[in-house]
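Chains as they are written, first to last, in the numbering used here: chain A, 1 to 234; chain B, 235 to 522.
Following: one structure in structure tokens, then a few remarks.
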Ligand SMILES: Nc1ncnc2c1ncn2[C@@H]1O[C@H](COP(=O)(O)OP(=O)(O)OP(=O)(O)O)[C@@H](O)[C@H]1O
Ligand SMILES: [Mg+2]
């Protein structure tokens, strides 16, 4: 579904990604794990065209994303839940969800998808008139994921959905990611919470200082000495 | 004494009617600032262009007044979009002071261009609406219409901003412009639409003011400073604040003008503004 071939990217004179190649197949859930500053967020930004790749190729379902402006990427079926959720803090929950359905193709299905999001997150239905900035951290993450689902994406990009949340909430967020995968969405998730995320996804890539260091199934990664030593403290 | 009260009441009502049109002007300016973060110092000059548009299409070309007004609204809306695309967009990342100077330049450009094209003579569309007599008071029908249409326009903007996708995007973009592409929103398109809407409101105000005032190239100076002050008084970018401030300001002008002298109304209003800037510089309801 999503293909990255030798993608490099950076900011000004700083290179953040070095020839990253990665693939996500339809129906799969894939994680990119790695420490702070590894370039995980940059990777998702490059896919969404928020920043341009310096070299390499990105394609979605065989269609290259080169020359596609950032605001048209969502039309390819890619929805991005950004780092730190980035809700419209002064708008209500429902207005945030409405923004997720902004593209014309999504507007026609607004009512149906809103119902789906509310069934997935009953809490959001209760809070639909609440100002998004006053939601709890976990609720904000639900709202941000719900907003992304409103466009009816094929591929969901999640940037550290567990960041900054209390341990019990983290648990429920990963449970949620698991459900979203079950619903048939293809998911590419970026995480530092390695132990937890590897329980949820099929495969994972380890990104370190902008380079893919390791990749494999979740079981393989959990078993690798590198991950055990450097990231799981075993 | 009873007589006195009736005239005072008349002044209060006139202030209310004036407040409606000022609120409409303030809404347009607030909308642009709230969303794009640039103050169109030249806003009242767009109103002036709109007034000339009504005059030329109606009095020179002989089109019916409703059509002339529709054309005026659409032309000023288009002018707003052009202003954004060619003047504001290149300075979006510049210092606020530079943005202010650029729109200030547009103000003088439009004034000078209007003088060149339309001449300095005062023009009047020659439509005079009757005065309404009501319980011993005389009220201007033109003002009443202006008040009602201005309220209607503001309700329309409110519904547009709260009930439509584009309206929601206009409210969202001022909070987080950087992630708008993730929603599939082309930020520049939203800015152009907002500018056209702000222009359209100036055009609507022009249609209402042309019924009450003569048209000349410097007519913008009559409303521009007041509009700007009202917007600051309400809290820059705060639409509700601007609405309230417009009515307070209009009462100072109208009632102050009645109790003392017409010129005193403005003096009091501006004094009130200066006092408020010491006491609440962020505006009545706070800016954004
Ligand atoms: N806007 C920017 N300008 C300059 N450098 C940046 C910018 N954004 C990120 N970087 C740099 O790029 C590198 C990768 O950053 P990125 O945000 O992709 O890391 P990350 O893996 O998401 O980290 P974290 O887990 O802390 O979110 C870092 O060294 C960071 O300092
Ligand atoms: Mg990050």
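Backbone N, C-alpha and C define an ideal beta-carbon position, used for all residues, glycine too.
All values derive from a computational prediction rather than experimental measurement.
DSSP state of residue i mapped onto helix, strand, coil
i              : result
residue 135(A) : coil
residue 3(A)   : strand
residue 356(B) : coil
residue 194(A) : helix
residue 447(B) : coil
residue 405(B) : helix
residue 511(B) : helix
residue 431(B) : helix
residue 213(A) : strand
residue 119(A) : helix
residue 398(B) : coil
residue 494(B) : coil
residue 159(A) : strand
residue 321(B) : helix
residue 518(B) : coil
residue 58(A)  : strand
residue 52(A)  : coil
residue 9(A)   : strand
residue 231(A) : coil
residue 235(B) : Because residue 235(B) sits at a pLDDT of 46, beneath the cut-off of 50, its placement in the model cannot be relied upon, and the following sentence gives the value as read from the coordinates. Three-state DSSP puts residue 235(B) in coil, outside helix and strand.
residue 70(A)  : helix
residue 328(B) : coil
residue 333(B) : helix
residue 102(A) : coil
residue 345(B) : helix
residue 63(A)  : strand
residue 201(A) : coil
Which listed residue (the options) has its alpha carbon closest to that of residue i
i              : options                           : result
residue 96(A)  : 451(B), 472(B) and 402(B)         : 402(B)
residue 170(A) : 184(A), 186(A) and 192(A)         : 192(A)
residue 63(A)  : 11(A), 2(A), 121(A) and 165(A)    : 2(A)
residue 425(B) : 410(B), 444(B), 509(B) and 404(B) : 404(B)
residue 77(A)  : 216(A), 119(A), 71(A) and 155(A)  : 155(A)
residue 299(B) : 361(B), 449(B) and 355(B)         : 361(B)
residue 261(B) : 449(B), 428(B), 515(B) and 372(B) : 428(B)
residue 146(A) : 8(A), 100(A), 29(A) and 162(A)    : 100(A)
residue 370(B) : 520(B), 241(B), 513(B) and 413(B) : 241(B)
residue 376(B) : 254(B), 469(B), 518(B) and 519(B) : 254(B)
residue 523(B) : 509(B), 259(B) and 507(B)         : Nothing about residue 523(B) can be read from this structure; chain B reaches only from 235 to 522.
residue 38(A)  : 148(A), 233(A) and 9(A)           : 9(A)
residue 160(A) : 19(A), 152(A) and 31(A)           : 31(A)
residue 19(A)  : 222(A), 210(A) and 26(A)          : 210(A)
residue 305(B) : 433(B), 488(B) and 500(B)         : 433(B)
Residue environment, residue i, which counts as buried when at least 16 other CB atoms sit within 10 Å
i              : result
residue 290(B) : buried
residue 415(B) : buried
residue 105(A) : exposed
residue 49(A)  : buried
residue 435(B) : buried
residue 389(B) : exposed
residue 248(B) : buried
residue 331(B) : exposed
residue 98(A)  : buried
residue 108(A) : exposed
Rounded separation between residue i and residue j - CA only
i              : j              : result
residue 231(A) : residue 462(B) : 58 Å
residue 182(A) : residue 117(A) : 15 Å
residue 350(B) : residue 343(B) : 10 Å
residue 143(A) : residue 92(A)  : 10 Å
residue 317(B) : residue 337(B) : 9 Å
residue 417(B) : residue 496(B) : 52 Å
residue 14(A)  : residue 82(A)  : 22 Å
residue 235(B) : residue 498(B) : With a pLDDT of only 46 at residue 235(B), under the threshold of 50, the placement of this residue in the model should not be trusted; the figure read from the coordinates follows. Computed Cα separation, rounded: 22 Å.
residue 150(A) : residue 60(A)  : 19 Å
residue 243(A) : residue 33(A)  : A query on residue 243(A) cannot be resolved here, the shown segment of chain A reaching from 1 to 234 and no further.
residue 185(B) : residue 130(A) : Nothing can be reported for residue 185(B), as the shown portion of chain B is limited to 235 through 522.
residue 69(A)  : residue 22(A)  : 22 Å
residue 56(A)  : residue 17(A)  : 11 Å
residue 357(B) : residue 422(B) : 37 Å
residue 194(A) : residue 203(A) : 12 Å
residue 406(B) : residue 353(B) : 43 Å
residue 341(B) : residue 72(A)  : 37 Å
residue 276(B) : residue 128(A) : 40 Å
residue 85(A)  : residue 94(A)  : 16 Å
- Pull every residue with its beta-carbon under 5 Å away from any heavy atom of ligand 4, and keep them in chain order. Here the bound small molecules are ligand 1 and ligand 2; ligand 4 is not part of this structure.
- Query: Does the segment 289-303 of chain B touch the segment 458-478 of chain B, meaning 3 or more C-beta pairs lie closer than 8 Å?
  - Reply: no
- Query: Three or more beta-carbon pairs under 8 Å between the segment 42-62 of chain A and the segment 135-152 of chain A, yes or no?
  - Reply: no
- Query: Are the segment 278-286 of chain B and the segment 440-449 of chain B in contact at 8 Å, needing three or more beta carbon pairs?
  - Reply: yes
- Message: Quick check: the segment 266-278 of chain B against the segment 510-518 of chain B, are at least 3 beta-carbon pairs closer than 8 Å?
- Response: no
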